[in-house]
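Engineer: Okay, handing you the structure first.
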Amino acid sequence: MNYQADTRGYYGQFGGAYIPEMLYPNVEELRQSYLTIIETPDFQQEFDQLLRDYVGRPTPLYFAQRLSEMYQTRIYLKREDLNHTGAHKINNTLGQILLAKRLGKQKIIAETGAGQHGVATATVCALMGMECLVYMGEVDIERQKPNVARMKMLGAEVIPATSGSRTLKDATNEAMRHWINHPTDTHYIIGSVVGPHPYPDMVARFQSVISAETKIQLQNQEGREYPDYMLACVGGGSNAAGAFYHYLHDERVRLVAAEAAGLGISSGKSAATTVLGKPGVLHGSKTILMQTPDGQVVEPHSISAGLDYPGIGPMHAHLFDSKRGDFYAITDDEAMRAGLLLSRTEGIIPAIETAHALAVLPKLKAAPEQVVVINLSGRGDKDLDTYIKYNY
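Numbering (numbering that gives the first Met the number 0), first residue to last: 0 to 391.
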């Protein structure tokens with residue numbers, strides 16, 4: 000079975016480009032150009048140089064001694080939190096802004112939930128001298144104040160999304176409306192593996208540096224390039240797509256995704272898409288999403304702004320549907336306890352998004368000789384207020 004996008008942007012039955020006619024020229028320009036541009040030696044040379052010298056790659060693959068002793072297995076952390084701007088998001092924004100320059104664009108728009116993608120976009124816009132508008136839900140602006148301040152300091156304009164639940168879904172809607180009205184001079188940097196083709200495939204390719212490095216680092220540290228389990232959190236799923244990418248067809252590796260169950264699967268306050276969702280179309284692609292019987296999107300909930308999304312990317316929908324991946328629903332409480340545990344056992348404060356992946360560890364029951372890699376997608380500085388309110 001194929002787990003990567005086909006030429007039409009489909010992962011099995013999921014993916015594609017379900018877009019209004021007015022958006023067609025923008026998406027079609029990208030579709031026709033992205034592979035040709037990003038596969039040129041000139042692009043790859045500039046991308047690799049900036050990942051090394053500006054972002055700080057390769058990120059370490061850290062053996063977590065105390066965590067390993069606690070769970071009686073061999074646990075490694077892929078330290079994407081040590082990237083410039085504090086998360087994996089910079090890999091994709093750097094790739095997309097280099098693409099936008101080659102397409103002759105002058106302005107960048109983006110959407111953000113937790114703020115990490117917005118900060119990464121504002122950062123690369125400052126680096127390249129391009130105008131930057133970031134759409135963000137009012138609720139997320141309030142709970143991610145440090146990242147909002149960082150975006151503004153970097154020169155970006157942060158525009159609040161005031162409709163719906165005033166979170167990531169609504170910010171994405173507003174960004175797409177803006178793009179429809181500014182097709183010629185603006186590039187939309189989508190931050191996750193969602194949206195119409197070619198975005199899911201393009202973002203996954205830019206994030207695939209995570210699993211490419213992991214293979215080399217595991218070979219050096221364990222004498223084999225694959226783990227038994229690769230764990231990552233999934234909202235839209237960009238960090239998971241990067242962590243899984245070079246293992247998609249390696250059946251020795253079990254791909255494990257952690258979704259946000261919020262206050263509980265049956266609470267009405269959840270974002271556990273694979274449990275509560277069904278196939279449908281969201282933000283331009285066919286995927287699995289939470290919806291009412293008549294197809295209206297159900298408002299998601301998670302304590303983590305980055306996982307507060309009613310769907311998942313089409314790659315992940317295919318991994319779930321084909322049973323190639325294992326999906327766990329992690330509650331707010333489970334994630335917060337796991338985040339605090341990592342802080343106190345390894346001295347690393349993780350983003351609450353990442354804490355959902357850490358909370359899978361006690362459910363995994365890995366054997367002592369097995370190797371578990373967790374993609375530590377971001378650092379928890381931005382979430383300190385939430386940790387404090389949780390009564391740490």
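The beta carbon of each residue, even a glycine, is placed where N, CA and C say it ideally should be.
#1: I'd like to check one pair, ASN91 with LEU230: are the Cβ atoms closer than 8 Å?
#2: If you compare alpha carbons, which of GLU298, ALA240, LEU254 is closest to ASP200?
#3: If we call anything under 8 Å between Cβ atoms a contact, is ALA260 one with THR330?
#4: Which residues mark the beginning and the end of the beta strand (DSSP E) in which GLU224 is found?
#5: Does DSSP classify LEU275 as helix, strand or coil?
#6: Just the Cα atoms here: how many angstroms apart are GLU137 and TYR9?
#7: State the beta-bridge partners of GLU110 as determined by DSSP.
#8: Using beta-carbon positions only, say whether PRO349 and LEU357 come within less than 8 Å of one another.
#9: Going by Cα to Cα distance, which pick from PRO57, LEU281, LEU49 is closest to SER210?
#10: Just the C-alpha distance for LEU60 and ARG378, rounded to the nearest angstrom, thanks.
#11: Distance, Cα to Cα, GLU141 vs HIS315?
#12: Report the rounded CA-to-CA distance for ALA99 versus VAL147, giving the unit in angstroms.
#13: Less than 8 Å between the beta carbons of MET135 and VAL157, yes or no?
#14: Tell me the rounded alpha-carbon separation between VAL233 and PRO182.
#15: Can you check which of these residues, SER342, GLN143, GLU258, GLY338, is closest to GLY310 by C-alpha distance?
#16: Taking the beta carbon of LYS322 as the centre, do at least 16 other beta carbons fall within 10 Å, making it buried, or is it exposed?
#17: Report the rounded CA-to-CA distance for PHE13 versus THR286, giving the unit in angstroms.
#18: Shortest alpha-carbon distance to LYS214 belongs to which of VAL193, HIS245, ASN238?
#19: How is the beta strand (DSSP E) around GLU79 delimited, first residue to last?
#20: Quick one, which of LYS168, LYS277, ASP139 has its alpha-carbon nearest TYR308's?
#21: Which complete alpha helix (DSSP H) runs does the stretch 318–375 hold, if anything under 4 residues is left out?
#22: Could you give the distance in angstroms between the alpha-carbon of GLY236 and the alpha-carbon of SER191?
#23: Going by DSSP, name the residue or residues bridged to LEU254.
#24: Looking at the strands, I want to know which residues DSSP matches up with GLY156.
#25: In this structure, does DSSP put HIS315 in helix, strand or coil?
#26: Short check: CB of GLN115 to CB of LYS88, under 8 Å?
#27: Give the list of continuous beta strand (DSSP E) stretches no shorter than 3 residues that lie fully inside the stretch 163–200.
#28: Report yes if the CB atom of MET150 is closer than 8 Å to the CB atom of GLY117, and no otherwise.
#29: Among the candidates ILE189, THR185, ASP184, whose CA atom is the shortest distance from the CA of ASN172?
#30: By DSSP, does GLY267 sit in helix, in strand, or in coil?
#31: For a test of the three-state rule: what should DSSP assign to THR72, helix, strand or coil?
#32: So, are the CB atoms of VAL193 and HIS282 less than 8 Å apart?
#33: Taking only the alpha-carbon atoms, compute the straight-line gap between GLY263 and ASN390 and give it to the nearest angstrom.
#34: Start and end of the alpha helix (DSSP H) containing SER32?
#35: Hey, quick one: how far does the beta strand (DSSP E) through ILE387 stretch, first residue to last?
#36: Tell me where the alpha helix (DSSP H) around LEU98 begins and ends.
Structural biologist: In brief:
#1: no
#2: ALA240
#3: yes
#4: Per DSSP, GLU224 lies in no beta strand (DSSP E) segment and is marked neither H nor E.
#5: Here LEU275 sits in helix by DSSP.
#6: 33 Å
#7: TYR134
#8: The criterion of a C-beta distance shorter than 8 Å is satisfied by PRO349 and LEU357.
#9: PRO57
#10: 15 Å
#11: 29 Å
#12: 24 Å
#13: Cβ distance < 8 Å, so MET135 and VAL157 count as in contact.
#14: C-alpha separation (whole angstroms): 30 Å.
#15: GLU258
#16: exposed
#17: 5 Å
#18: HIS245
#19: Counting along the chain, GLU79 falls outside any beta strand (DSSP E), and DSSP gives it neither H nor E.
#20: LYS168
#21: 331–345, 351–357, 360–363
#22: 6 Å
#23: MET229, GLY324
#24: The question names Gly, but residue 156 is Glu in the sequence shown. GLU156 is bridged to LEU132.
#25: helix
#26: A contact, by the Cβ cut-off of 8 Å.
#27: 185–188
#28: yes
#29: ILE189
#30: coil
#31: coil
#32: Yes, Cβ-Cβ distance for VAL193 and HIS282 is below 8 Å.
#33: 20 Å
#34: 23–37
#35: Where ILE387 is concerned, there is no enclosing beta strand (DSSP E), although the alpha helix (DSSP H) it sits in stretches over 383–388.
#36: 88–101
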